[in-house]
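Everything below concerns the one structure shown next.
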Amino acid sequence: MIKNKVLLSALFASMLALGACASKGDKTASTPTPSTGSAYNDTAGAGTQLGGEDARTAAERALSNNLVYFDYDSSAIKPEYQSVVDSYAKYLSANPVAKVRIEGHTDERGTREYNIGLGERRANAVKDALTARGVTPAQISVISYGEERPVAEGHDESAWSQNRRAQIIRQ
Amino acid sequence: MSIFKRIVAAAALVCGLSSLPAQAQLEITVTGGDVGALPIAIVPFAQPAGLTTDLAQVINNDLQRSGRFRTLAREEMRQRPSEMASFDPAPWKQQGIDNVVIGKAWDDGKGGFVVRFFLVDSLSGKQIIAYDYPIRNVSQARYAAHWIADKIYEQLLGIPGYFNTKIAYVVAKGLGFQRTYQLVIADSDGENPQYPINSRETIMSPSWSPDRKKIALVGYERGRSAIYIYSTETGQVQKLVSEKGINGSPAWSPDGTKMAFVLSFETNPDIYVMDLATKQRKRLTDHYGIDTEPAWSPDGSKIVFTSDRGGKPQIYEMSANGGEPRRLTFQGSQNLRPSYSPDGKSIVFVNTDGGQRVAVQDLTTGVMRVLSSGPLDEGPSFAPGGAVIIYSSQGPKGRQLETVSIDGRVRLTMRQAGGDVQEPAWSPLMK
Chain A
561 MIKNKVLLSA LFASMLALGA CASKGDKTAS TPTPSTGSAY NDTAGAGTQL GGEDARTAAE
621 RALSNNLVYF DYDSSAIKPE YQSVVDSYAK YLSANPVAKV RIEGHTDERG TREYNIGLGE
681 RRANAVKDAL TARGVTPAQI SVISYGEERP VAEGHDESAW SQNRRAQIIR Q
Chain B
53 MSIFKRIVAA AALVCGLSSL PAQAQLEITV TGGDVGALPI AIVPFAQPAG LTTDLAQVIN
113 NDLQRSGRFR TLAREEMRQR PSEMASFDPA PWKQQGIDNV VIGKAWDDGK GGFVVRFFLV
173 DSLSGKQIIA YDYPIRNVSQ ARYAAHWIAD KIYEQLLGIP GYFNTKIAYV VAKGLGFQRT
233 YQLVIADSDG ENPQYPINSR ETIMSPSWSP DRKKIALVGY ERGRSAIYIY STETGQVQKL
293 VSEKGINGSP AWSPDGTKMA FVLSFETNPD IYVMDLATKQ RKRLTDHYGI DTEPAWSPDG
353 SKIVFTSDRG GKPQIYEMSA NGGEPRRLTF QGSQNLRPSY SPDGKSIVFV NTDGGQRVAV
413 QDLTTGVMRV LSSGPLDEGP SFAPGGAVII YSSQGPKGRQ LETVSIDGRV RLTMRQAGGD
473 VQEPAWSPLM K
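Chains as they are written, first to last, in the working numbering: chain A, 561 to 731; chain B, 53 to 483.
Okay, structure coming up:
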């Protein structure tokens, strides 16, 4: 007899119930840039623009770049992703009640539990970069998924480079 | 509040979780010579039409993939006796087959069957062992065959067979936050998979209790991980520990009284041991590197683990009470996820030179042997008895389970219908 049990997340249950049957063919194969390549990019406020952006819209747009990509087995934040950290540092400093969760991810190489450690190290690197810019640590939570949540299939560098990431998610 | 809620109907309604994999497809590859493998023939059993399981084939596969036997192909059998009265030792002797298994089964008139087998020495023509094994219905037939394989293995090798055991593993499907996870418990040959836990968030690192009544595993819920204990008897799931940060790598002590695991809430990933009766825990490592993937020595005195304290992940060993770790691996840029052989004389782990491959190292000589071909093999551990190692490899349709005999000669692939099959954990022997 099979005993079915569901480890149910209230947070994601409704989203997944709707999304679970969707085609998997819509993933992007682009090279990682701060604004693409995520299955659940935080695009709040990044709507179509008519005319010039005001400052608030521009800030929102900057926050839509919420991904930091890493080199293999590294947790160093590369220069091209400092702007992602800067945008969130500015946002969190200006909004002391705002909170973010930073999720750390790895590619599939290395073992699973080691990668949980590496993913946490990456997420903490982003957290440390934010607090170094004056953000209160209480505004930031960190979780590692290791290699368990790939966004790109495939077993080569193009997929691996998209999966080695930390993502900042507004709460 | 228990997060593993009993939602039987809901699970069936979510299309991503309702399509269970079909039964495993077994593919056995034998390479190289067979020095030390015992020649044996498993003659097809005379069975009634209602008993649809090919008993001899199940026994044959069990014995062959252990690497300890060389089985005779059916087309090379010149006779197919099913009783001692019709057994002629001469043709088997000519073919160099020292041991022959013959048998038959019949209806018991109550919906069940009786399976009878003889293990025969073809030199003397005499039976070595013979048993009748009654089964209640056809679904028990594979267990009868595994039981027979265990009897033959033990009789001829002098160590207990391990075929009437279970394998727990994780199946993951989908990408990103649409990825779903199942804990699967199957027979030792991958058949009869059961799916006791389904999750929309990550589950990983299943670990059997020594009495095979419980499985510890890591689960995530709402952005937090925890170590849970699933009871295979009651189906209940209990949370053991959930600190901020990482809760990972649960490993039962050999006597079942303690559990080693990894927590990061104090600083970063370090190894802890909890007394399961008192829930008291002790921190065994305190280092700024990642310390993870602990495994106990069979006598419970030592713990082997992965650490990147030297820069890259390598394997270290320490006393189960803590103390200064000693580095064990020096060959290759990375070595990870170690566990001991049942005799405690060697460890199996992942070596990353030339791809990610399964390697075994003799703890006395320090000699390392690579047993698999990669490129993305992971999660190796010894089967009970130590004859084979199980691990997960990247196959054409996703991750799949493989076993390899410790001489590297016999490899078995268990293919599933879809998804990534990962993190196999072989149950202990039934005591």
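Built from N, CA and C at the ideal position, the CB exists for glycine as well.
Review point. If we ignore side chains and look at the alpha-carbon of each, how far apart do B:S294 and B:E253 end up?
Key: Counting from 1 along the second sequence, the entry for residue 294 of chain B is found at position 242. Counting from 1 along the second sequence, the entry for residue 253 of chain B is found at position 201. Near 15 Å, if we compare the C-alpha coordinates of B:E253 and B:S294.
Check your understanding: What's the C-alpha gap between A:A599 and B:N244?
Key -> Mapped onto the first sequence, residue 599 of chain A falls at position 39. Mapped onto the second sequence, residue 244 of chain B falls at position 192. Caution is warranted here: a pLDDT of 38 is assigned to A:A599, below 50, making its placement in the model unreliable, and no coordinate value can be reported.
Review point. Could one say the Cβ of A:S704 lies closer than 8 Å to chain B's Cβ atoms, at least one of them?
Key: Mapped onto the first sequence, residue 704 of chain A falls at position 144. Chain B contact via Cβ: present.
Practice item. Would you mind sorting B:G406 into buried or exposed? The rule is 16 or more other CB atoms within 10 Å of its CB. Key: To locate residue 406 of chain B, count along the second sequence from 1; it is residue 354. It counts as exposed.
Check your understanding: In terms of alpha-carbon separation, which member of B:F97, B:F139, B:Q116, B:G418 lies closest to B:A108?
Key -> As a position in the second sequence, residue 108 of chain B is number 56, starting the count at 1. Of the candidates B:F97, B:F139, B:Q116, B:G418, the one whose C-alpha sits nearest the C-alpha of B:A108 is B:F97.
Practice item. Could you tell me if B:T286 is buried or exposed, where buried requires 16 or more neighbouring beta carbons within 10 angstroms of its beta carbon? Key: Residue numbering aside, residue 286 of chain B sits at position 234 when the second sequence is read from its first letter. Counting Cβ neighbours within 10 Å, B:T286 comes out exposed, since fewer than 16 surround it.
Review point. Under the rule that 16 or more other beta-carbon atoms within 10 Å means buried, what is A:M687, buried or exposed?
Key: Within the first sequence, the letter at position 127 stands for residue 687 of chain A. The question names Met, but residue 687 of chain A in the sequence shown is Lys. By the 10 Å Cβ count, A:K687 comes out buried.
Review point. Can you name the start and end residues of the alpha helix (DSSP H) that B:K156 belongs to?
Key: Against the second sequence, residue 156 of chain B aligns to sequence position 104. Element bounds for B:K156: not the alpha helix (DSSP H) but the beta strand (DSSP E), 151 to 159.
Practice item. Give the straight-line distance between the Cα atoms of B:Q230 and B:K449, rounded to the nearest whole angstrom. Key: Taking the first residue of the second sequence as position 1, residue 230 of chain B is located at position 178. Taking the first residue of the second sequence as position 1, residue 449 of chain B is located at position 397. So the alpha carbons of these two residues sit roughly 18 Å apart.
Practice item. Quick one: using the 10 Å Cβ neighbour count with 16 as the cut-off for buried, is B:P100 buried or exposed? Key: One-based indexing of the second sequence puts residue 100 of chain B at position 48. Its Cβ having fewer than 16 others within 10 Å, B:P100 is exposed.
Practice item. Answer yes or no: do B:I458 and B:G119 have a C-beta to C-beta separation smaller than 8 Å? Key: Locating residue 458 of chain B in the second sequence gives position 406, where the first residue counts as 1. Locating residue 119 of chain B in the second sequence gives position 67, where the first residue counts as 1. Yes. Within cutoff.
Review point. Looking at chain B, which residues of the stretch 664 to 681 of chain A have a Cβ within less than 8 Å of any of its Cβ atoms?
Key: E668, R669, G670, T671, R672, E673, Y674, I676, G677, L678, E680, R681
Review point. In whole angstroms, what separates the C-alpha of B:G308 from that of B:D140?
Key: Here residue 308 of chain B corresponds to residue number 256 of the second sequence, with the count starting at 1. Here residue 140 of chain B corresponds to residue number 88 of the second sequence, with the count starting at 1. If you take the alpha carbons of B:G308 and B:D140, they lie about 50 Å apart.
Point to revise | First through last residue of the beta strand (DSSP E) which encompasses A:E663 | key: Along the first sequence, one-based indexing puts residue 663 of chain A at 103. It spans 660 to 665 - the beta strand (DSSP E) in which A:E663 sits, taken as one unbroken run.
Exercise for review: Note down, in chain order, each residue of its chain lying with its Cβ closer than 6 Å to the Cβ of A:K650, except the 5 sequence neighbours on either side.
Suggested key: Within the first sequence, numbered from 1, the residue matching residue 650 of chain A stands at position 90. If we look at A:K650 and ignore the five residues flanking it on each side, it has no Cβ neighbours.
Point to revise | Residues near B:T105 in its chain [Cβ-Cβ closer than 6 Å; skip 5 each side] | key: Within the second sequence, the letter at position 53 stands for residue 105 of chain B. Result list for B:T105: A193, R194, in chain order.
Point to revise | Collapsed DSSP secondary structure at B:P91 in the structure displayed | key: Looking up residue 91 of chain B in the second sequence gives position 39. Three-state result, B:P91: strand.
Point to revise | Delimiting residues of the beta strand (DSSP E) encompassing B:D414 | key: Locating residue 414 of chain B in the second sequence gives position 362, counting from the first residue. Element bounds for B:D414: 409 to 414.
Review point. Could you give the C-beta distance for B:K162 and B:I181, rounded to a whole number, given that I count them as a contact under 8 Å?
Key: Along the second sequence, read from residue 1 onward, the residue named residue 162 of chain B stands at position 110. Along the second sequence, read from residue 1 onward, the residue named residue 181 of chain B stands at position 129. The Cβ separation is near 26 Å, so there is no contact.
Check your understanding: Between B:N151 and the rest of its own chain, which residues show a CB-CB distance below 6 Å, the 5 nearest in sequence each way excluded?
Key -> Within the second sequence, residue 151 of chain B is the residue found at index 99, counting from 1. Result list for B:N151: I92, in chain order.
Exercise for review: Output the boundary residues of the alpha helix (DSSP H) element that contains B:I204.
Suggested key: Along the second sequence, one-based indexing puts residue 204 of chain B at 152. Its alpha helix (DSSP H) spans residues 193 to 209.
Practice item. Please state whether DSSP places B:T123 in a helix, a strand or coil. Key: Mapped onto the second sequence, residue 123 of chain B falls at position 71. DSSP places B:T123 in strand when its eight states are reduced to three.
Point to revise | A:S718 in three-state terms, based on DSSP | key: On the first sequence, residue 718 of chain A is found 158 positions in, with the first residue counted as 1. It is helical.
Review point. Ordered along the chain, which non-local residues of its own chain (more than five positions away) have a Cβ less than 8 Å from that of B:P302?
Key: By 1-based counting over the second sequence, the position of residue 302 of chain B is 250. Counting only Cβ-Cβ distances below 8 Å, and skipping sequence neighbours, we find S257, S259, A268, L269, V270, I279, L292, M311, A312, F313.
Review point. DSSP puts B:P141 in a beta bridge; with which residues?
Key: On the second sequence, position 89 is the one that residue 141 of chain B refers to. Note: B:P141 sits in no beta bridge, so no partner.
**Study point:** Interface residues of chain A facing B:T358 [CB-CB closer than 8 Å]
**Key:** Here the question's residue 358 of chain B lines up with position 306 in the second sequence. In chain order: T671, E673, Y674.
Practice item. Take A:V695 and list the residues in its own chain whose beta-carbon comes closer than 7 Å to its own, dropping the five residues that flank it on each side. Key: Locating residue 695 of chain A in the first sequence gives position 135, counting from the first residue. Here the set comprises A649, L652, S653.
Practice item. Mind listing, in chain order, the continuous beta strand (DSSP E) runs of no fewer than 3 residues lying wholly within the stretch 272 to 324 of chain B? Key: 276 to 283, 289 to 293, 299 to 304, 310 to 315
Check your understanding: Among residues of its own chain, excluding the 5 on either side of B:F215, which ones have a beta-carbon nearer than 6 Å to its beta-carbon?
Key -> Taking the first residue of the second sequence as 1, we reach residue 215 of chain B at position 163. Only D114, H198, A201, D202, S240 meet the Cβ criterion.
Review point. DSSP on A:T617, reduced to helix/strand/coil?
Key: Position 57 of the first sequence, counted from the first residue, corresponds to residue 617 of chain A. A:T617: helix per DSSP, three-state reduction.
Practice item. Please look up how many angstroms separate the CB atoms of A:H665 and A:Y705, rounded, as I've assumed it's under 8 Å. Key: To locate residue 665 of chain A, count along the first sequence from 1; it is residue 105. To locate residue 705 of chain A, count along the first sequence from 1; it is residue 145. About 5 Å separates the two Cβ atoms, so the contact holds.
Review point. Taking 8 Å as the CB-CB limit, is B:P365 close to chain A?
Key: Locating residue 365 of chain B in the second sequence gives position 313, where the first residue counts as 1. B:P365 counts as touching chain A.
Exercise for review: Can you pull the chain B residues whose beta carbon is under 9 Å from the beta carbon of A:P656, in chain order?
Suggested key: Position 96 of the first sequence, counting from 1, holds the residue named residue 656 of chain A. Neighbours of A:P656 on chain B: none; closest Cβ ~21 Å, over 9 Å.
Practice item. Taking A:R661 as the query, report the chain B residues whose CB atoms sit under 7 Å from its CB, ordered along the chain. Key: In the first sequence, the residue the question calls residue 661 of chain A occupies position 101. Within 7 Å Cβ-Cβ: G275.
Point to revise | Cβ of B:F229 within 8 Å of any chain A Cβ | key: As a working mapping, residue 229 of chain B is identified with position 177 in the second sequence. B:F229 counts as touching chain A.
Exercise for review: Go to A:R730, then tell me how far its beta strand (DSSP E) extends in each direction, as first and last residue.
Suggested key: Position 170 of the first sequence, counted from the first residue, corresponds to residue 730 of chain A. 725 to 730 is the extent of the beta strand (DSSP E) around A:R730.
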